[in-house]
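Colleague:
Numbering (the working numbering), first residue to last: 22 to 611.
(1) Would you report the Cα separation of residue 36 and residue 232, rounded to the nearest angstrom?
(2) Can you check which of these residues, 220, 500 and 491, is closest to residue 540 by C-alpha distance?
(3) Mapping the DSSP letters down to three states, classify residue 540 as helix, strand or coil.
(4) Candidates 140, 511 and 342: which alpha carbon is nearest residue 210's?
(5) If we call anything under 8 Å between Cβ atoms a contact, is residue 576 one with residue 604?
(6) For residue 201, which option in 218, 237 and 133 has the closest C-alpha, if you only look at C-alpha atoms?
(7) Taking residue 186 as the reference, which of 242, 376 and 412 has the closest Cα?
(8) Assign residue 481 to one of two classes, buried (16 or more other C-beta atoms within 10 Å of its C-beta) or exposed (fewer than that).
(9) For residue 373, name the three-state secondary structure that DSSP assigns.
(10) Could you pull out every residue in the same chain whose Cβ sits closer than 8 Å to the Cβ of residue 510, ignoring the five residues on either side in sequence?
(11) Given residue 599, which residues of its chain have a CB within under 8 Å of its CB, disregarding the five upstream and five downstream residues?
(12) For the beta strand (DSSP E) containing residue 455, list its first residue and its last residue.
(13) Can you look up residue 367 in the DSSP assignment and give me helix, strand or coil?
(14) How long is the line joining the alpha carbons of residue 281 and residue 272, rounded to whole angstroms?
(15) Let me know if residue 333 comes out buried or exposed under the rule of 16 or more other beta-carbons within 10 Å of its beta-carbon.
(16) Do residue 94 and residue 217 count as a contact pair if the criterion is CB distance below 8 Å?
(17) How would you write the range of the alpha helix (DSSP H) that residue 273 sits in, first residue to last?
(18) For a test of the three-state rule: what should DSSP assign to residue 593, helix, strand or coil?
(19) Short of 7 Å in beta carbon distance, which residues of its chain neighbour residue 129, apart from the five on each side in sequence? Order them along the chain.
(20) Determine the burial state of residue 583: buried for a count of at least 16 other Cβ atoms within 10 Å of its Cβ, exposed for fewer.
(21) Taking a contact to mean a Cβ-Cβ separation below 8 Å, would you say residue 524 touches residue 486 in this structure?
(22) Using 8 Å as the threshold, is the C-beta distance between residue 240 and residue 303 below it?
(23) Among 422, 372, 458 and 412, which one has its Cα closest to the Cα of residue 441?
(24) For the alpha helix (DSSP H) containing residue 136, name the first residue and the last one.
(25) My output table needs one value for residue 254: the three-state DSSP class, helix, strand or coil.
(26) Output the distance between the C-alpha atoms of residue 335 and residue 329, rounded to the nearest integer angstrom.
(27) Given that a residue counts as buried once 16 or more other Cβ atoms are within 10 Å of its Cβ, and exposed if not, what is residue 436?
(28) Can you check whether the CB of residue 108 is closer than 8 Å to the CB of residue 337?
(29) Since residue 214 contacts residue 221 with CB under 8 Å, what's their CB separation in whole angstroms?
(30) Kindly examine the ligand MN and report whether one of its heavy atoms sits closer than 7 Å to the Cβ of residue 222.
(31) Distance check for residue 371 and residue 593, CA to CA, integer angstroms please.
(32) Throw me the rounded Cβ distance for the residue 400 and residue 454 pair, which I believe falls under 8 Å.
(33) Quick check on the DSSP output: the beta strand (DSSP E) that includes residue 602 runs from which residue to which?
(34) Taking C-alpha atoms, which residue in 274, 354, 321 and 298 lies nearest to residue 306?
(35) Would you mind giving the Cβ-Cβ distance between residue 553 and residue 476, rounded to the nearest angstrom? I have them listed as a contact below 8 Å.
(36) Taking residue 466 and residue 445 to be in contact with their CB atoms under 8 Å, please state how far apart those CB atoms are, rounded to whole angstroms.
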């Protein structure tokens, strides 16, 4: 039932495709935000072993930080040692005099890429584990918001779950870790300078502080506004792309695809301008880092030149110390990059926090009461609203077992809101909705949706087989029962035409499914689920007249004990119902 709730929202179904790849009990538990009973599933044989539960992220990152610092320190040591070696070799000393330096250059040259490789393996392994955990956390926070608190076609939510989570995790990998690593390298460089020549310490310390600090602050301050705008614009772009994709056929029909694509292009251009602004500030920050490092080289040479002249410092050692500020520029540049990225991660974190703080439209009762077994549903003087707009006023409706009731009315009259009330996607602002003698607010959501099923006007086809798409409604159903549901939904001829029958793959990248076929797959799900109360929201919207009539005959003339609420704009099925509720006119007619 949790998956059925998710499938009502076009954004969440894209993520549900991934959840459905898990074993069925695990998938259902994940969607509800709980862990399945029994042992936890293990990683695939070819995957890495699971991280120990409860391991603090900070502890798991310190070994990666140390490896990164050692790799950067190897780069600094390589440059400094090479400078010493070149100057010393110019005096043509005995080869044994250069042997230690030659070995050191080779060691640092090999250590730098090797340590960097190991650091990347370790840090990315930790981050990818964190990414999986964080996306499940965000997914669990978002599921209760659908569809009532988020609405439909929310590409910004998809951007939050994908792009923003990635950005937040970049804070550990590309913000905090480079800064910590730079601090370690700076301490090592100052320590080496103090051992070789104490007068070099102020220059090395000043270079590290000024280059790293000014680069970080300049990049962060300059990129903050641009990155915040970029994060918000990226969400708008995702929202626009999702909406254009979902309404592509309607846009083509009304020759509005040009305007829609132009709108998407304008948002994309705005995102590009924000990215350019952020990159410009970062370029200036890097320029400052290089300028400070160059100034450090000049200051070191000016400060230590007298020591070389009086013989207290050798020329090779001067070369070693002079090149250290230049070698530290690479480390300081990574700090400037971290400053720019920190602005993006904070903006992404703020958006995720806003989503997490969004109250759900409905909530599980703290102490749910059991259903009384009565399948009668109804509304008692209900008022319903979306945000501040009232869409239903003082509506009373009783649906007894076996009733066939149609709901008609103009767009915006509250037909889909009525369906959402019966499935408790939203709660009324006044009045009550009941199942049997129990208010829906007092029942567990699973109990409500186990009794009341919905076929909406935009059903989703998952990227799996036809059989599994239908079996979603009743996981224990046999192939024969699935096929019977498909034929009763008037998909028999289409099923016979598929090369693999029930095993044919549907969804993205597989066999194309028309709007009418999607609608009938959703009908087949409802027939297979055999719920006592069935709500159909525009079930014939994508069907031709003959197919719509045949489908109405199957649904409205089928199971006599099932209650059917038929919400429609068209005339199909109206002659097969007992009552018609006209929300536009505010009256019921037989």
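Using N, Cα and C, we set each Cβ at its ideal position, and we do this for glycine too.
Modeller: Inspection of the coordinates gives the following:
(1) Your numbering for residue 36 matches position 15 in the chain shown. Your numbering for residue 232 matches position 211 in the chain shown. Low local confidence applies: a pLDDT of 42 at residue 36 is under 50, so the model's placement there is unreliable, with the coordinate-based value given in what follows. When rounded, the distance between both Cα atoms is 43 Å.
(2) Position 519 of the chain shown holds residue 540. That would be 491, whose Cα lies nearest to the Cα of residue 540.
(3) Here residue 540 refers to the residue found at position 519 of the chain shown. Residue state, collapsed to three classes: helix.
(4) As a first step, residue 210 is located in the chain shown; it is residue number 189 there, counting from the start. Cα-wise, what sits closest to residue 210 is 342.
(5) Position 555 of the chain shown, counting from 1, holds the residue named residue 576. Position 583 of the chain shown, counting from 1, holds the residue named residue 604. Result no, Cβ atoms of residue 576 and residue 604 do not sit closer than 8 Å.
(6) As a first step, residue 201 must be located in the chain shown, where it is residue number 180. Of the listed residues, the one whose Cα sits closest to residue 201 is 237.
(7) As a working note, residue 186 is residue 165 in the chain shown. Closest option to residue 186, Cα to Cα, is 376.
(8) By 1-based counting over the chain shown, the position of residue 481 is 460. Buried, because 16 or more other Cβ atoms sit within 10 Å of the Cβ of residue 481.
(9) Stepping through the chain shown from its first residue, residue 373 is reached at position 352. Helix at residue 373.
(10) Here residue 510 is taken as the residue at index 489 of the chain shown, counted from 1. These residues qualify, in order along the chain: 541, 542, 544, 545, 548, 572 and 575.
(11) The sequence position of residue 599 within the chain shown is 578, counting from 1. The answer, listed in chain order, is 424, 425, 426 and 611.
(12) By 1-based counting over the chain shown, the position of residue 455 is 434. Note, residue 455: beta strand (DSSP E), 451-456.
(13) Translated into positions along the chain shown, residue 367 becomes position 346. Reduced to three states, the DSSP call for residue 367 is helix.
(14) Locating residue 281 in the chain shown gives position 260, counting from the first residue. Locating residue 272 in the chain shown gives position 251, counting from the first residue. Going from the Cα of residue 281 to the Cα of residue 272 covers about 8 Å.
(15) The residue given as residue 333 occupies position 312 in the chain shown. Residue 333 should be labelled exposed.
(16) Walking along the chain shown from the start, residue 217 turns up at place 196. Walking along the chain shown from the start, residue 94 turns up at place 73. Not closer than 8 Å, so no.
(17) Within the chain shown, the letter at position 252 stands for residue 273. Counted as a single uninterrupted DSSP element, the alpha helix (DSSP H) harbouring residue 273 occupies residues 269-274.
(18) Within the chain shown, the letter at position 572 stands for residue 593. Residue 593 carries a coil assignment under DSSP once its states are collapsed to helix, strand and coil.
(19) Along the chain shown, one-based indexing puts residue 129 at 108. These residues qualify, in order along the chain: 95, 98, 99 and 102.
(20) Within the chain shown, numbered from 1, the residue matching residue 583 stands at position 562. Answer is buried; the Cβ neighbour count reaches 16.
(21) Position 503 of the chain shown holds residue 524. Position 465 of the chain shown holds residue 486. Taking 8 Å as the cut-off, the beta carbon of residue 524 is found closer than this to the beta carbon of residue 486.
(22) Residue 240 sits at position 219 when you count from the first residue of the chain shown. Residue 303 sits at position 282 when you count from the first residue of the chain shown. Their beta carbons are under 8 Å apart, which means residue 240 touches residue 303 by this criterion.
(23) Residue numbering aside, residue 441 sits at position 420 when the chain shown is read from its first letter. Ranking the options by Cα distance to residue 441, first place goes to 412.
(24) Residue 136 sits at position 115 when you count from the first residue of the chain shown. Per DSSP, residue 136 belongs to the alpha helix (DSSP H) from 116-163.
(25) Counted from its first residue, the chain shown places residue 254 at position 233. Helix, per DSSP.
(26) As a position in the chain shown, residue 335 is number 314, starting the count at 1. As a position in the chain shown, residue 329 is number 308, starting the count at 1. Using only the alpha carbons, I get a separation of about 6 Å.
(27) For the purposes of this step, residue 436 is taken as the residue at position 415 of the chain shown. Looking at its Cβ environment, which holds 16 or more other Cβ atoms inside 10 Å, residue 436 is buried.
(28) Sequence index remark: in the chain shown, residue 337 carries index 316 (1-based). Sequence index remark: in the chain shown, residue 108 carries index 87 (1-based). A contact, by the Cβ cut-off of 8 Å.
(29) If you number the chain shown from 1, residue 214 lands on position 193. If you number the chain shown from 1, residue 221 lands on position 200. Residue 221 and residue 214 do touch by the CB rule: their CB atoms are close to 4 Å apart, below 8 Å.
(30) The model on display carries no ligand, and the ligand MN is accordingly not part of it.
(31) Looking up residue 593 in the chain shown gives position 572. Looking up residue 371 in the chain shown gives position 350. C-alpha separation (whole angstroms): 48 Å.
(32) Reading the chain shown from its first residue, position 379 is the one you call residue 400. Reading the chain shown from its first residue, position 433 is the one you call residue 454. Yes, they are in contact, since the Cβ atoms of residue 400 and residue 454 sit about 5 Å apart, within 8 Å.
(33) Counting from one through the chain shown, the residue named residue 602 turns up at place 581. Taken as a continuous stretch (DSSP letters only), the beta strand (DSSP E) holding residue 602 covers 600-603.
(34) In the chain shown, the residue the question calls residue 306 occupies position 285. Nearest of 274, 354, 321 and 298 to residue 306, Cα basis: 354.
(35) If you number the chain shown from 1, residue 553 lands on position 532. If you number the chain shown from 1, residue 476 lands on position 455. With 8 Å as the limit, residue 553 and residue 476 do not qualify as a contact, their Cβ atoms being about 15 Å apart.
(36) For this step, residue 466 is matched to residue 445 along the chain shown. For this step, residue 445 is matched to residue 424 along the chain shown. Contact holds; Cβ gap of about 6 Å.
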